[in-house]
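Residue numbers (my numbering), protein chains in the order written: chain A, 95 to 289; chain U, 95 to 289.
2 protein chains.
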Amino acid sequence: MAMGRPRAFDVDEALDKALTVFWRKGYEGASLSELTSAMGINPPSLYAAFGNKEGLFRRALDRYEAQQGCYIEEALAAPTAREAVERLLCQSASRQCDEGHPHGCLLVTAGLSGGEESSAIREELAERRKAGEIDIRKRLERAKKEGDLPKQANPAALARYISTVMRGMSVQAASGATAKELKQVAEMAMKVWPE
Amino acid sequence: MAMGRPRAFDVDEALDKALTVFWRKGYEGASLSELTSAMGINPPSLYAAFGNKEGLFRRALDRYEAQQGCYIEEALAAPTAREAVERLLCQSASRQCDEGHPHGCLLVTAGLSGGEESSAIREELAERRKAGEIDIRKRLERAKKEGDLPKQANPAALARYISTVMRGMSVQAASGATAKELKQVAEMAMKVWPE
DNA sequence: GTCTTTTTTTAGTTACCGATACATAAGCAT
DNA sequence: ATGCTTATGTATCGGTAACTAAAAAAAGAC
Chain A
95 MAMGRPRAFD VDEALDKALT VFWRKGYEGA SLSELTSAMG INPPSLYAAF GNKEGLFRRA
155 LDRYEAQQGC YIEEALAAPT AREAVERLLC QSASRQCDEG HPHGCLLVTA GLSGGEESSA
215 IREELAERRK AGEIDIRKRL ERAKKEGDLP KQANPAALAR YISTVMRGMS VQAASGATAK
275 ELKQVAEMAM KVWPE
Chain U
95 MAMGRPRAFD VDEALDKALT VFWRKGYEGA SLSELTSAMG INPPSLYAAF GNKEGLFRRA
155 LDRYEAQQGC YIEEALAAPT AREAVERLLC QSASRQCDEG HPHGCLLVTA GLSGGEESSA
215 IREELAERRK AGEIDIRKRL ERAKKEGDLP KQANPAALAR YISTVMRGMS VQAASGATAK
275 ELKQVAEMAM KVWPE
């Protein structure tokens, strides 16, 4: 049952607005006044709903991964490991250059450096990137067990390599690379695949 | 001939100090008070010598490329293109994890996102990254002419791929990857090489 | 020694950052 | 209606950001 005055804004809509600001400007680069004006609310409403800027960012991150990160599990669900990684790289290339939202992956662009006061956020981002790499590694380990990958293949190293290429594509996308260029990178990266 | 009171600090030493601050915190994350205290000077001395924060950063960037970027031309000077790129990737892996300075490449970590007031700096960084890619491409084009690379090889695409892997290694290094891990990435990345 | 030029030190400026105090508004329970 | 609770709008808070005005200090020129 709801008590007290009901909230006048939709939390998820507000998070979407905040997300695009964080995506464009990064964690530190996004100011409270930008965030509140984009969300259409005043600071007290923001603090009541999300605690503080850090809390807001974490909530926006959750929403980002739910909305934008779903292609990763979809790709990894492909029948063969090779096809899974092919989809992963190809989707990364096109998604990161998608018009309609800022270029590059938020987990990379939002905070690689900054002041001491935001170090917790940078660690959070690094952990989430690491989690992505682990998802890939697990898929490759499964493939190895199933005989889908040769015995001499190294799932951990392969996953790290793929993850590294994806992070690099984020940097390139954030500085203006086109989807076509990144797809070419994805294609080349696949030549590493152990036969 | 020197006129007026002589400068009491060494410009290059001060730039080195500023460089390490920018490297650790990024462009926006580095505050003037941190910079001046690291450089051992007061704000007016900084502004008299470098104009403003942006000018200081550009000078620090020049110094960074002169000091840290020299391995790139060294690597590209190798007799064969394959060896050149091998050295490039291997050196990137070890240099970016070197203790004694912050991890990751300054050109990547110092500014991928941020406020509108520092967009010129982000563009400058993107241009310098692009220049690195072009250096690689030119070396590969030369190799193709010399028959060092097969006729069907695509120097532009290959250079972009190598550059992407290097940017990805920066992200990984900045978030705690070890030199050993990145060398393994470099080794895998080389499997793309056209025979 | 005094003038001129430049750097240094001290002490600030304005502007914006993230975060709140406070009074008011809008729902429910009784 | 009257509390009770929670959200909202207005107007800030203290702190720190980048940057600078003004005077003292250190050199050469004459």
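The beta carbon of each residue, even a glycine, is placed where N, CA and C say it ideally should be.
Spatial neighbours of residue i within its chain, please: CB distance less than 7 angstroms, with the 5 preceding and 5 following residues excluded, ordered by chain position.
i, result
"residue 180 of chain A", "284"
"residue 195 of chain A", "114 and 117"
"residue 266 of chain U", "276"
"residue 273 of chain A", "187, 188 and 191"
"residue 151 of chain A", "116, 121 and 215"
"residue 242 of chain U", "174 and 175"
"residue 240 of chain A", "none"
"residue 295 of chain U", "Past the boundaries of the shown model lies residue 295 of chain U; chain U is included only from 95 to 289, so the question cannot be answered."
"residue 126 of chain A", "137 and 147"
"residue 144 of chain A", "150 and 153"
Quick test of your reading: residue i and residue j, contact by CB under 8 angstroms. State the CB separation rounded to the nearest angstrom.
i, j, result
"residue 154 of chain U", "residue 109 of chain U", "5 angstroms"
"residue 238 of chain A", "residue 247 of chain A", "6 angstroms"
"residue 258 of chain U", "residue 279 of chain A", "5 angstroms"
"residue 207 of chain U", "residue 203 of chain A", "5 angstroms"
"residue 233 of chain U", "residue 175 of chain U", "6 angstroms"
"residue 229 of chain U", "residue 170 of chain U", "6 angstroms"
Strictly below 7 angstroms CB to CB, what residues from chain U border residue i?
i, result
"residue 152 of chain A", "Going along chain U, no residue has its Cβ under 7 angstroms from residue 152 of chain A, so there is no contact; the nearest lies around 17 angstroms."
"residue 275 of chain A", "254"
"residue 171 of chain A", "Chain U residues near residue 171 of chain A: none, gap ~24 angstroms exceeds 7 angstroms."
"residue 285 of chain A", "285 and 286"
Note down, in chain order, each residue of its chain lying with its Cβ closer than 6 angstroms to the Cβ of residue i, except the 5 sequence neighbours on either side.
i, result
"residue 186 of chain U", "260 and 263"
"residue 268 of chain U", "197, 198 and 203"
"residue 77 of chain A", "Residue 77 of chain A is absent from the structure shown; chain A starts at 95 and stops at 289."
How should residue i be labelled, buried or exposed, when 16 other C-beta atoms within 10 angstroms of its C-beta is the threshold for buried?
i, result
"residue 199 of chain U", "buried"
"residue 164 of chain A", "exposed"
"residue 189 of chain A", "buried"
"residue 271 of chain U", "buried"
"residue 218 of chain U", "buried"
"residue 135 of chain A", "buried"
"residue 223 of chain A", "buried"
"residue 99 of chain U", "exposed"
"residue 295 of chain A", "The structure shown does not extend to residue 295 of chain A, since chain A spans only 95 to 289, so no value can be given for it."
"residue 160 of chain A", "exposed"
"residue 225 of chain U", "exposed"
"residue 252 of chain U", "buried"
"residue 227 of chain U", "buried"
"residue 201 of chain U", "buried"
"residue 124 of chain U", "buried"
Under 7 angstroms: does the beta carbon of residue i sit that close to some heavy atom of the ligand ADP?
i, result
"residue 199 of chain U", "For the ligand ADP, the structure offers nothing, since it holds no ligand at all."
Anything in chain U within Cβ reach of residue i, meaning under 8 angstroms, just list it in chain order.
i, result
"residue 266 of chain A", "254, 257, 258 and 261"
"residue 223 of chain A", "265 and 269"
Kindly indicate which three-state DSSP category residue i falls into: helix, strand or coil?
i, result
"residue 138 of chain U", "helix"
"residue 234 of chain U", "helix"
"residue 98 of chain U", "coil"
"residue 203 of chain A", "helix"
"residue 109 of chain A", "helix"
"residue 103 of chain A", "coil"
"residue 243 of chain U", "coil"
"residue 196 of chain A", "coil"
"residue 191 of chain U", "coil"
"residue 287 of chain A", "coil"
"residue 272 of chain U", "coil"
"residue 124 of chain U", "coil"
"residue 171 of chain U", "coil"
"residue 163 of chain A", "coil"
"residue 209 of chain A", "coil"
"residue 145 of chain U", "coil"
Near residue i, which residues of its chain fall below 8 angstroms by C-beta distance, leaving aside the five closest residues on each side in sequence?
i, result
"residue 173 of chain A", "none"
"residue 205 of chain U", "120, 121, 122, 212, 215, 216 and 219"
"residue 157 of chain U", "106, 109, 110 and 113"
"residue 103 of chain A", "133, 134, 135 and 139"
"residue 97 of chain U", "none"
"residue 288 of chain U", "243, 244, 246, 247 and 252"
"residue 128 of chain U", "115 and 119"
What residues from chain A crowd round residue i, counting only those whose CB sits closer than 8 angstroms?
i, result
"residue 208 of chain U", "119, 120, 122 and 123"
"residue 203 of chain U", "206 and 207"
Residues of chain A with CB closer than 7 angstroms to the CB of residue i, please, in chain order.
i, result
"residue 251 of chain U", "278 and 282"
"residue 220 of chain U", "269 and 270"
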